[in-house]
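Inspection log for the structure reproduced underneath, given as structure tokens.
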Amino acid sequence: MCAASYSFACTSAIISAKASKTGRPLLWKNRDTGTEHNFVEKVDAKNGNYAYVALYNGGDSSLRDAWLGMNEVGFAIMNTASYNLAPDTAKLKDQEGYVMSLALQKCRTLADFENLLDTLSKPMGVQANFGLIDASGDGAYYETDDYTYKKFSLGEAENGVLVRTNYSYTGEKDGGYGYIREDNAWHLLDPYIKNKNIEASIFTDLISRSFYHSLKGRDVSNDCDRWIIDQDYIPRRTTSASVVIEGIIPGEAPSLYIMWTEIGYPPCSYTLPVMIDSVPQELRPQGKFWRSPLCDEIVGRKHQVFSIKRGSGKYYIDMDVVRRYTTKGRQQSLENYKKGYKMREEKAK
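Residue 19 is where the sequence shown starts when you use the numbering used here, and the numbers rise one by one after that.
Structure below.
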């Protein structure tokens, strides 16, 4: 369980239109996983299902397990693993990616997703906080175990913001993981919540690069130390992507959704825009191992950050390397955000 909590320690948030700078809802996932490599690919509509784009583990040539994605009718979904919902004793488990693939194929609204959960065979093999938005601007988290779920609606959220890490509010008290990371996220979001100007880049190029630690009360990347221990920051050794799905203003076409994708280890990466009919080639799977060439490059940079291989060295972060790549990555991201918004404007005409 300890190993699992480290490997699948995602941090996430849902932002309502009233709290966002653009008037569009946002769905964010800072993904942690035992798989370093992932890619983005489109699945075409067939057999009555919707077309969609999603983030997959490297090597998933069957496109079975979507770990975050959006479809052609404006339904978007992601998850964080939860470790306090129920004893992890089920024979069927780790089905979250498969459930999200089904949802992207079949769901238009949050009600459709609820119907999917109600009708799936039990046990479902999931212990997760599923986060959703749809084309109406509605959003929610569903704290879901093998048999039941509890909905937390975005419309009822204070300040129009919901955050989840690796425990569920309906689960065992003080169980699960991610309490410090949740505090980190709330602290970093707070000034933007107050001004109601949260935008996608706040997640990909601030929060997912930030080494703020709520117990220390500071961002340690601002210190002069070269080496720090990888513990309870939002970016982690196991972080493989930071992705924000930006929805639409009601009345706009769902084709104007943008999936802002920072693949690989975020402090060393940069953000690219993905739309339902436009996936950058460097994010798509290539070669016999079905891996993104950009993710391969970013993973190589991450190995420079975690360069000590012997003993416990893998838990030590070289902040000199992080600072070098972070500055360059933010500059690249800024240019790509401009390009992505221009692309959306042209499609809207």
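Yeah, the Cβ is synthetic: ideal placement off N, Cα and C, and Gly gets one too.
Since the structure is predicted, the reported quantities are computational estimates derived from the model, not experimental observations.
Item: Cα-Cα separation between residue 60 and residue 175, rounded to whole angstroms; Value: 32 Å
Item: 8 Å Cβ cutoff met for residue 159 and residue 32; Value: yes
Item: C-alpha gap between residue 363 and residue 287, whole angstroms; Value: 25 Å
Item: CA nearest to the CA of residue 285, picked from 57, 83, 255 and 153; Value: 255
Item: Limits of the unbroken beta strand (DSSP E) element including residue 96; Value: 94-99
Item: Range covered by the beta strand (DSSP E) that runs through residue 54; Value: Counting along the chain, residue 54 falls outside any beta strand (DSSP E), and DSSP gives it neither H nor E.
Item: Cβ neighbour criterion (16 or more within 10 Å) applied to residue 351; Value: buried
Item: According to DSSP, residues forming a beta bridge with residue 48; Value: 29 and 260
Item: Buried or exposed (CB count within 10 angstroms, at least 16 for buried), residue 19; Value: Residue placement at residue 19 is flagged as unreliable, the pLDDT there being 34, under the threshold of 50; a coordinate-derived value is accordingly withheld.
Item: Residue closest to residue 294, alpha-carbon to alpha-carbon, out of 307, 252, 56 and 279; Value: 279
Item: Sub-8 Å separation of residue 322 and residue 311 beta-carbons; Value: no
Item: Distance between residue 260 and residue 195 (C-alpha atoms, nearest Å); Value: 19 Å
Item: Three-pair Cβ contact test at 8 Å for the segment 57-72 versus the segment 86-100; Value: yes
Item: Assigned secondary structure, residue 355 (DSSP; H/G/I helix, E/B strand, else coil); Value: helix
Item: Cβ neighbour criterion (16 or more within 10 Å) applied to residue 267; Value: exposed
Item: Closest Cα partner of residue 148 within the set 238, 163 and 40; Value: 163
Item: Residue 77 versus residue 213 - alpha carbon distance; Value: 42 Å
Item: Length of the line joining the Cα atoms of residue 46 and residue 39; Value: 15 Å
Item: Segment contact, 8 Å Cβ cut-off, at least three pairs: the segment 218-226 with the segment 343-358; Value: yes
Item: DSSP state of residue 304 mapped onto helix, strand, coil; Value: strand
Item: Buried/exposed call for residue 299, threshold 16 Cβ in 10 Å; Value: exposed
Item: Among 359, 131 and 346, the one whose alpha carbon lies nearest that of residue 169; Value: 131
Item: Where the beta strand (DSSP E) containing residue 161 begins and where it ends; Value: 157-162
Item: 6 Å Cβ shell around residue 229 - same chain, five flanking residues per side excluded; Value: 237, 238, 239 and 251
Item: Between the CA atoms of residue 144 and residue 336 - distance to the nearest angstrom; Value: 36 Å
Item: Three-state class that DSSP yields for residue 89 in the structure shown; Value: strand
Item: Environment of residue 215 [buried if 16+ CB atoms lie within 10 Å]; Value: exposed
Item: Cβ neighbours of residue 282 in the same chain (closer than 6 Å, five flanking residues each side left out); Value: 313, 316 and 317
Item: Backbone CA spacing between residue 203 and residue 43 [nearest angstrom]; Value: 17 Å
Item: Exposure of residue 21, with buried meaning 16 or more beta-carbon neighbours within 10 Å; Value: Because the pLDDT of residue 21 is 40, which lies under 50, any placement of that residue in the model is unreliable, and the number read from its coordinates should be weighed accordingly. It is exposed - the Cβ of residue 21 has fewer than 16 other Cβ atoms within 10 Å.
Item: Rounded straight-line distance, which links the Cα of residue 241 to that of residue 207; Value: 21 Å
Item: Candidates 41, 111 and 253, of which the one nearest residue 320 by Cα; Value: 253
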